[in-house]
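Asks: I have a structure I would like to understand better, so I am pasting it below and will then ask my questions one at a time.
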Amino acid sequence: MMNEKLASLLETVRRTAVQAGDTAADAVYSAGKVAGELLSVAKLNVRIMERKAAVNAALKEVGEILYATHTGNPSDSEILLAKLQEIDALKAVIHVQNEEISRLHDLKEHLESRITFLLEQIERKDRRMDE
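Structure below.
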């Protein structure tokens, strides 16, 4: 009878330890995903800054073209149109990248909530094992 109780207790401890290990592995995996998402956001922010610099350079060129026209040195309207289209394209890419950053932030929040939940499960299982 004592051996059965001991065997049952040991089996319960084993199951709890396996579950805690699985939960811990899930938490570590989720933490790794959060780190990856943060790296992706940082890379996107760098690309956005590069494109904003390109927009500013193109706007400067547009301003120079317009000023030249104002001072009596008209430029080819095709050049002006090409610069304006370049600005539009850059701004469209910036918009898409900002949306991706927003999506990644939402995913990060979800993963952080999942990690918190998993850590709480581990703590509960750990407390039960101590009892």
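Residue numbers (the working numbering): 3 to 133. The C-beta atom is built at its ideal place from N, Cα and C for all residues, glycine as well.
What is the DSSP secondary structure of Ser77, reduced to helix, strand or coil?
Replies: coil
Asks: Is it buried or exposed, Ser32, if we count other Cβ atoms within 10 angstroms and call 16 or more buried?
Replies: buried
Asks: Does the count of Cβ pairs from the segment 83-101 and the segment 47-63 closer than 8 Å reach three?
Replies: Yes, they touch.
Asks: Does the pairing of the segment 100-108 with the segment 59-66 give three or more beta-carbon distances under 8 Å?
Replies: no
Asks: Three or more C-beta pairs under 8 Å: does that hold for the segment 24-44 against the segment 80-87?
Replies: no
Asks: Given a threshold of 16 other Cβ atoms within 10 Å of its Cβ, counted over all protein chains shown, does Leu41 qualify as buried or as exposed?
Replies: In summary, Leu41 is exposed, with fewer than 16 beta-carbon neighbours lying within 10 Å of its beta-carbon over all protein chains present.
Asks: With the cut-off set at 9 Å, would you say Lys127 and Val36 are in Cβ contact?
Replies: no
Asks: Measuring alpha carbon to alpha carbon, tell me which of Val20, Glu13, Ser10 and Asn5 ends up nearest Gln123.
Replies: Val20
Asks: Give a yes or no on whether the minimum CB-CB distance between Arg17 and chain C is below 9 Å.
Replies: Within the model displayed, chain C is absent; a lone protein chain is all it includes.
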